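These notes concern the structure reproduced below.
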Amino acid sequence: MRVKRIGTGLAAAGLMIGAAGANAFAAQDAAGETLTVHVGSGVNTLLHRYIGSSVTMLVDADLFARKHVGGGAYLVDPGGDIRAFQTWPCATSCGDPTGGALVISEVLINPPVRESLALNSEYIALTNTGNSAVRTGDMVVAVSPWVYEFPPDHVLLPGETVRVHGGAGEDDRLVRHLDARNPILPDDGGRVVLRTYDAVVVDCYTWGGLSCPPSS
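This note's numbering numbers the first residue of the sequence shown as 5 and each following residue consecutively.
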């Protein structure tokens, strides 16, 4: 979970996840910085805090049969007032926030080299086909069982394309890496879903007879 401070005056807060109760953390980052709150354990730093849970707390929404209803996270100030929240899946006024501008432009399933020997030969490309910048930092690329998250400040300018490669490597703005240890795009069938954090499907690409989840 990421919390971005856009002003001043909130020195501390708690994060409530569903009915799990509030987990206090200091929110002393500067305006404009992003604080990432991790469910598990780790060493707390200024911009990374850890709840310390030993169990999964963020239940994914089922994009198909809706068997899992999803959940919510709430930023609560010391007085008990909710300052911000995120729920998933989206229930009302749902739609593609890019207006159709951000698309999956290429999925390289069969590269000219053996995938197991060159994991970065497989990739998923996203292109901004619109006339204004798109905040890709608000999107994730899901290719089961992997989910790739862009940095929170990631942006694609009009006409730009970013590639997400399957293996490891040095990231820059238009070349990203999933860091998988095995090929991510099986030849016999698969699905790539571009969606928002609240499970709004922005675009989808399938092969081998699989189907896309319904549009929100």
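Using N, Cα and C, we set each Cβ at its ideal position, and we do this for glycine too. All of these numbers come straight from a predicted model, not from anything done at the bench.
Beta-bridge pairing of residue i - partner residues as DSSP gives them
i           : result
residue 153 : 144
residue 196 : 209
residue 180 : 168
residue 132 : 106
residue 53  : 41
Contacts around residue i, its chain only, beta-carbon distance under 6 angstroms, and the 5 residues preceding and following it disregarded
i           : result
residue 135 : 162
residue 178 : 166
Proximity below 8 angstroms, CB of residue i to CB of residue j
i           : j           : result
residue 102 : residue 206 : yes
residue 196 : residue 145 : yes
residue 116 : residue 38  : no
Collapsed DSSP secondary structure at residue i in the structure displayed
i           : result
residue 25  : In this predicted model, residue 25 has a pLDDT of only 49, less than 50, meaning its place in the structure is not dependable enough to derive any value.
residue 123 : helix
residue 201 : coil
residue 139 : coil
residue 160 : strand
residue 185 : coil
residue 111 : strand
residue 77  : strand
residue 95  : coil
Close beta carbons around residue i, own chain, < 7 angstroms, minus the five adjacent residues each side
i           : result
residue 188 : 126, 147, 150, 170 and 182
residue 94  : 202, 203, 204 and 220
Heavy atom of the ligand SAH within 7 angstroms of residue i beta-carbon
i           : result
residue 215 : This structure simply doesn't include the ligand SAH, nor any ligand for that matter.
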